[in-house]
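Residue numbers (our numbering): 55 to 205. Report on one structure; see the data block that follows.
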Amino acid sequence: MMEKEKPELIIWSDRLSCGIKLIDDQHKGLVALVNEMFNHVTGNEKQEYDYFNKVIREVVKYIKIHLATEERLILAAKIPGYARHKKAHVHFILTVIDNINNFESGKRFNLFIFTKFLKDWILSHIALMDKQYFEQIKLLTTEKLTETKCG
55 MMEKEKPELI IWSDRLSCGI KLIDDQHKGL VALVNEMFNH VTGNEKQEYD YFNKVIREVV
115 KYIKIHLATE ERLILAAKIP GYARHKKAHV HFILTVIDNI NNFESGKRFN LFIFTKFLKD
175 WILSHIALMD KQYFEQIKLL TTEKLTETKC G
């Protein structure tokens, strides 16, 4: 008997691609993490609690590494709007930490709502904000390569 295909909350598409391999690979990793969490939404509080407790530190570590990578690239490219991008990242991290603190202090925690928050943030942040910045970085890189070849 074939195992039933697990549903995906987020399906990777070109709409999410920034065209910079390192960033796209990290974004695909984030999408995979959210889909993995979504597949652990069972409605069973104990199961969801145990699962979340096991994975959340890895998720936060991955998110922090990814956001730092984005910020370094934006700074290095001297793209205007770095402070705005950084502020969006800080707000996101604080919201995630808030959820973790609520979870750890025994407050009611809903894995589905948390996963939906991650999905909404990833889709809006990657598809809109990140794409905008990385399009600029690609343009700058292309211009520099052209100048080097022609100059």
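We treat Cβ as the ideally placed atom computed from N, Cα and C, and that holds for glycine.
Asked                                                                                                                                             : Found
Taking 7 Å as the threshold (C-beta atoms), are Y187 and I128 in contact?                                                                         : yes
Specify the secondary structure class of N164 as computed by DSSP and reduced to three states.                                                    : coil
Does DSSP put T96 in a helix, a strand or coil?                                                                                                   : coil
Exposed or buried, what is H145 when buried is set at 16 or more other beta-carbons lying within 10 Å of its beta-carbon?                         : exposed
Whose CA, out of K192, T195, K185 and M91, lies closest to the CA of D68?                                                                         : K185
Confirm, please, whether the CB-CB distance from L63 to F106 is below 7 Å.                                                                        : no
What three-state label does DSSP hand K132 in the structure shown?                                                                                : coil
With contact counted as at least three CB pairs below 8 Å, one residue from each stretch, are the region 69–78 and the region 171–186 in contact? : yes
Under the rule that 16 or more other beta-carbon atoms within 10 Å means buried, what is L87, buried or exposed?                                  : buried
Going by DSSP in three states, S178 sits in which element: helix, strand or coil?                                                                 : helix
Can the beta-carbon of A131 be found closer than 7 Å to that of L194?                                                                             : yes
Just to confirm before moving on: does the CB-CB distance between F166 and V95 stay below 7 Å?                                                    : yes
How is R69 classed by DSSP in three states: helix, strand or coil?                                                                                : helix
Going straight from the alpha carbon of F141 to that of K100, what length do you get?                                                             : For the record, residue 141 in the displayed sequence is Lys; it is not Phe. When rounded, the distance between both Cα atoms is 35 Å.
My output table needs one value for E112: the three-state DSSP class, helix, strand or coil.                                                      : helix
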